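Novice: Chains as they are written, first to last, in our numbering: chain S, 1 to 554; chain Z, 555 to 826.
Cβ coordinates follow ideal geometry from the N, Cα and C atoms, glycine included.
Here the structure is a predicted model, which is why all the values come from computation and not from measurement.
Have a look at the structure that comes next, please.
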Amino acid sequence: MSRQRDKAPEGQPLLDVQNLRIEATIYEPGEPPRDAVIVDDVSFSLPRGKVLGLIGESGAGKSTIGLAALAYGRGGIRLTGGAIRLNGRDIRAARPGELRRLRGEEVTYVAQSAAAAFNPARRLMDQVTEATLVHGLMSEREAKARAVELFRVLKLPDPESFGRRYPHQVSGGQLQRAMTAMALCPKPDLVIFDEPTTALDVTTQIDVLAAIKNAIAETGVAALYITHDLAVVAQVSDDIMVLRHGKMVEYGPVQQIIEAPREEYTRALVSVRQIDHVEAPPSPEPLMVLQGITARYGSMTSDVLSDVSVDLHAGQTLALVGESGSGKSTVARVITGLLPPRAGTVRFEGRDLTPALKNRPREDLRQIQMIYQMADVAMNPRQTVRTIIGRPLEFYFGLRGRKRDQRVQELLDAIELGKGFADRYPAELSGGQKQRVCIARALAADPKLIICDEVTSALDPLVADGILKLLLDLQKREQVAYLFITHDIATVRAIADSIAVMYQGRVQRYGTKTQVLSPPFDDYTDLLLSSVPEMKLGWLEHVLATRKMESAGN
Amino acid sequence: MKGMPISAALGLFVTALFFLAAIFAPWIAPYSPTQIVGDLWEPSSREHWLGTDNLGRDLLTRMIYGGRTTIFVASAATLLSFTLGAILGFTAAVYGGWVDQVMSRANDLVMSIPTLIFALVVLSVMPVTIPILILVIGLLDSTRVFRLSRAVAVDINVMDYVEAARLRGEGQAWVIFREILPNALSPLVAELGLRFIFAILFISTLSFLGLGVQPPLADWGGIVRDNREGIVWGIPAALIPAFAIVTLSISVNLVADWMLNRTTSLKGGRGV
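What follows is the structure in structure tokens.
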């Protein structure tokens, strides 16, 4: 068995971080290099066998703190102050040899993207047991037996032979669990989970989450769980630390953070997505009618969409919901004419739209605008905001010069950006501001319909919330209809009037929001709805006990 | 121009010097380029800074006038190759499908014949005049630019902002010149510095072989040819054009690198 480890004396925490300060040197072109403080004065302690959740927006320093527990600074980051005591000794000042022994033996790491973290050329078993064998903790036979045992605990299919597969032969959710097995195999004292479920579909996330929670309980390991989703972290943690701009906002037991947050910022995080939107009744004359749309890409032999029929009413929102690969975005491509359907028609304002984009009259193009998921790549980085928003005005309405600039400013006001933005380039905007400019560009065409393709899924929860409120507000003022494509049920609840649930290219369930979200459910809708993490203690166990079907990724 | 690194400033200074000398040659050069002013292969002296050439003409004068021809031909050829290559490359990328196939394969066909051989064959049947030289060098070089532009544009063409422009109903001209060109500028500028130097070497090579600029017009390749026999006698006249070409190459590329830095900035070159 393993050699004797220095254990912390009884009663002392396993990991004790005091006044941690982390800095990095920032090199910006045209400026002398300067030091920036990334994490400032963060203290916490983690007893053996407990789970601490680190939560915050992107850039809050969560991952940096997580990696500090390995005494590791990514990309030139330096741990410049404070103490990180693991098992009773300060590892911040430890020598490289000692760190090598520590990493992979006492502390292990689970990365966000398992697909990128596994070596595609080697079998899973070799990679899962690698750290254990390198550190000489067990014989090869023991290590393999432990890996199989962990595969079983993590509910991976066929645990005996699972390790013989290559990374590309298993699903994303399974790979993430294999990575958890890799982290737990050397019997570490502490595991760092860095957003392990963020890249997964909701329906898969719940299984991985349950597996991780179960594995933590069975092995008695301590963990740091990093995520931006408070509802997720509430399911697995004992304590939660809320971070913002590298500083600690609030630190306390889960129950207190969720049910009685003290700080304003934490309250905002907890109350996210509680937008009240009363659904409007369908009008007798829909704005757009999709009838029996069937479509496939290029040389594919099966249809991506089969027989999709939905209606969209003027000034209302239709949400298309489903997991990745369900055909949601393909519907948008059919409507815009990027992918002419094999069968079926798109009726808009009582007339048929031409199937292909290039034959469409300019007036039809103007009426249907689109907002993309990644605002970064949806705007030409070489154009200023004035050009980006002004071009549709020029193109559709022939506005030029002062008149155009005036209208650009009106649109900037409408998206709550105000003065001083017109001459900026996209690289000079934050993520939320970029998405707002994209909204303004769509509005500039004065359309009847805007297709929103996952417009909030790349944004932090609070920023996303602001965008949703803006969209609702604009809808009220401009009477524009939205086709809202998303995998996030919470978003749907916040803004939809009617919902179409998509599964494997078909509309599984369709109706007004109340109809779709009220029982009785079909199995898939039940799975989808119940998989959305709720900010409630014990939600995970409740769902696993009551749901009707297992997710496809399992 | 503020905050320009020393290397770029030096490059810009030397490049400007070469171009100014070329433009104002008749006013700068101390003698006439065809006038025989001394003995053959005189060493450098106060009257003849670089000495005289194989016929006793002033070498400095020949270098200045030679630079004029060489730099003019190379600039015009580079301009032609970039305009043609970039526009055709972008067009192939934007249209795709069989348009792309036809254009790319035709381009491959031209590229499969070694450039120098191709040029020699063409020039041996055509009258060797300056416009023809520019045309031949420009067209042959544009095949390289075509490949680069097409490759760059294919990547840009699939970005969401290009799709957004298409959904707006924009024509191909807008897509090519307003969406793709500004984003393809960085690699093209880097290539421009290199291509200009290749054009200078190319025209010099042709002249050296006697199929380029025809005497009595001076050009750098011609000066090397005229004076090559002097090397045996330890006379450095033939090396001076080589030195000029090296200096100009380095300077032009220092400037190109600096421009590359500026065009890579996504904040309009405003820094920060």
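Go ahead and pull the three-state DSSP assignment for S:PRO438.
Specialist: In the sequence on display, residue 438 of chain S carries Cys and not Pro. Note: S:CYS438 maps to helix in three-state DSSP.
Novice: Residues of chain S with a CB under 7 Å from the CB of Z:ASP714: which are they?
Specialist: Near Z:ASP714 (Cβ distances below 7 Å), the residues of chain S are TYR372, MET374, VAL377 and ALA378.
Novice: Note down, in chain order, every chain S residue with its Cβ under 8 Å from the Cβ of Z:PRO736.
Specialist: Neighbours of Z:PRO736 on chain S, chain order: ASN380, ARG382 and GLN383.
Novice: Is S:ARG404 closer than 7 Å to S:LEU393 when the C-beta atoms are compared?
Specialist: The answer is yes: Cβ separation under 7 Å.
Novice: Apart from the five residues on each side of it in sequence, which residues of its chain come closer than 8 Å, Cβ to Cβ, to Z:ASP593?
Specialist: Cβ neighbours of Z:ASP593 beyond the five flanking positions: THR606 and GLY610.
Novice: Whole-angstrom Cβ separation of Z:GLY747 and Z:ASN807, contact assumed at under 8 Å?
Specialist: Between Z:ASN807 and Z:GLY747 the Cβ distance is about 5 Å, and since that is below 8 Å, they are a contact.
Novice: Would you list, in chain order, the members of the stretch 316 to 336 of chain S that have their beta-carbon closer than 9 Å to a beta-carbon of chain Z?
Specialist: Taking 9 Å as the Cβ-Cβ cut-off against chain Z, the residues of the stretch 316 to 336 of chain S that qualify are THR336.
Novice: Do Z:PHE797 and Z:ALA628 count as a contact pair if the criterion is CB distance below 7 Å?
Specialist: No, they are not a contact pair.
Novice: Return the CA-CA distance between S:ILE258 and S:GLU264, expressed in angstroms with no decimal places.
Specialist: Using only the alpha carbons, I get a separation of about 13 Å.
Novice: From the beta carbon of Z:ARG816, is the nearest beta carbon of chain S less than 7 Å away?
Specialist: Cβ-Cβ to chain S under 7 Å: no for Z:ARG816.
Novice: In or out: S:ALA69 buried (at least 16 other Cβ within 10 Å) or exposed?
Specialist: With 16 or more other Cβ atoms within 10 Å, it is buried.
Novice: Using a C-beta cutoff of 7 Å, does Z:ALA707 count as contacting chain S?
Specialist: No, no contact with chain S.
Novice: Please work out which residues of its chain come closer than 6 Å, Cβ to Cβ, to Z:SER758, disregarding the five sequence neighbours upstream and downstream, and give them in chain order.
Specialist: If we look at Z:SER758 and ignore the five residues flanking it on each side, its Cβ neighbours are TRP774 and GLY775.
Novice: Mapping DSSP to helix, strand and coil, what is S:ARG347?
Specialist: Three-state DSSP puts S:ARG347 in a strand.
Novice: Would you list, in chain order, the members of the stretch 391 to 403 of chain S that have their beta-carbon closer than 7 Å to a beta-carbon of chain Z?
Specialist: Result list: PRO392 and PHE395.
Novice: Would a check of beta-carbon distances place Z:LEU721 closer than 7 Å to chain S?
Specialist: Output row for Z:LEU721: interface = yes.
Novice: Please return the same chain residues whose Cβ sits closer than 7 Å to the Cβ of Z:PHE572, not counting the five positions on each side in sequence.
Specialist: Once the five neighbours on either side are set aside, the close Cβ partners of Z:PHE572 are GLY621, ILE625 and LEU802.
Novice: Do you know offhand how far S:TYR166's Cα is from S:MET182's?
Specialist: Distance between the alpha carbons of S:TYR166 and S:MET182 is about 14 Å.
Novice: Tell me the residue span of the beta strand (DSSP E) that contains S:ASP239.
Specialist: S:ASP239 -> beta strand (DSSP E) spans 239 to 244.
Novice: Bridge partners for S:TYR482 per DSSP, in chain order?
Specialist: In DSSP, S:TYR482 forms a bridge with S:THR317 and S:ILE450.
Novice: Kindly indicate the opening and closing residues of the beta strand (DSSP E) around S:ALA500.
Specialist: First-last of the beta strand (DSSP E) with S:ALA500: 498 to 503.
Novice: Would you check if the distance between the CB atom of S:ALA481 and the CB atom of S:GLN367 is smaller than 7 Å?
Specialist: Result no, Cβ atoms of S:ALA481 and S:GLN367 do not sit closer than 7 Å.
Novice: Would the beta-carbon of S:VAL377 fall within 7 Å of that of S:LEU290?
Specialist: Going by C-beta atoms, S:VAL377 is not nearer than 7 Å to S:LEU290.
Novice: Might you give, ordered along the chain, the residues of its own chain that have their beta carbon closer than 8 Å to the beta carbon of S:HIS135, omitting 5 neighbours on each side?
Specialist: Excluding residues within five positions, the ones whose Cβ falls inside 8 Å are ARG101, GLY104, GLU105 and PRO186.
Novice: When DSSP labels each residue in this structure, what does S:GLU285 get in the three-state scheme?
Specialist: It is coil, neither helix nor strand.
Novice: Can you find a CB in chain S that lies within less than 7 Å of the CB of Z:ALA562?
Specialist: Judged by the 7 Å Cβ criterion, Z:ALA562 is not in contact with chain S.
Novice: From this set, S:MET241, S:ASP194, S:ARG146 and S:GLY398, which residue's C-alpha is nearest S:GLU218's C-alpha?
Specialist: Closest option to S:GLU218, Cα to Cα, is S:ARG146.
Novice: Using CA coordinates, which residue listed in S:ARG78, S:GLY246 and S:PHE521 is at the minimum distance from S:LYS62?
Specialist: The option with the nearest alpha carbon to S:LYS62 is S:GLY246.
Novice: At a CB-CB cut-off below 9 Å, which residues of chain S make contact with Z:GLU783?
Specialist: Here the premise fails: no neighbours, minimum Cβ distance about 52 Å.
Novice: I think Z:ALA753 touches Z:ALA631, with their Cβ atoms under 8 Å apart; what is that distance to the nearest whole Å?
Specialist: That pair is a contact at about 5 Å.
Novice: Under a three-way DSSP split, which group does S:PRO253 fall into?
Specialist: Three-state DSSP puts S:PRO253 in a strand.
Novice: Going along the chain, which residues of its own chain have a beta-carbon closer than 7 Å to the beta-carbon of S:LEU230, five neighbours each way excluded?
Specialist: Contacts found: ILE55, LEU269, VAL270 and MET535.
Novice: DSSP three-state label for S:LYS50, please.
Specialist: Here S:LYS50 sits in coil by DSSP.
Novice: Please classify S:GLU363: is it buried, with 16 or more other beta-carbons within 10 angstroms of its beta-carbon, or exposed?
Specialist: With fewer than 16 Cβ atoms within 10 Å of its Cβ, S:GLU363 is classed as exposed.
Novice: When every heavy atom of the ligand FMN is checked, does at least one fall within less than 6 Å of the C-beta of S:THR266?
Specialist: Looking at this structure, you won't find the ligand FMN or any other ligand, since it has none at all.
Novice: From which residue to which residue does the beta strand (DSSP E) around S:TYR225 run?
Specialist: S:TYR225 -> beta strand (DSSP E) spans 222 to 227.
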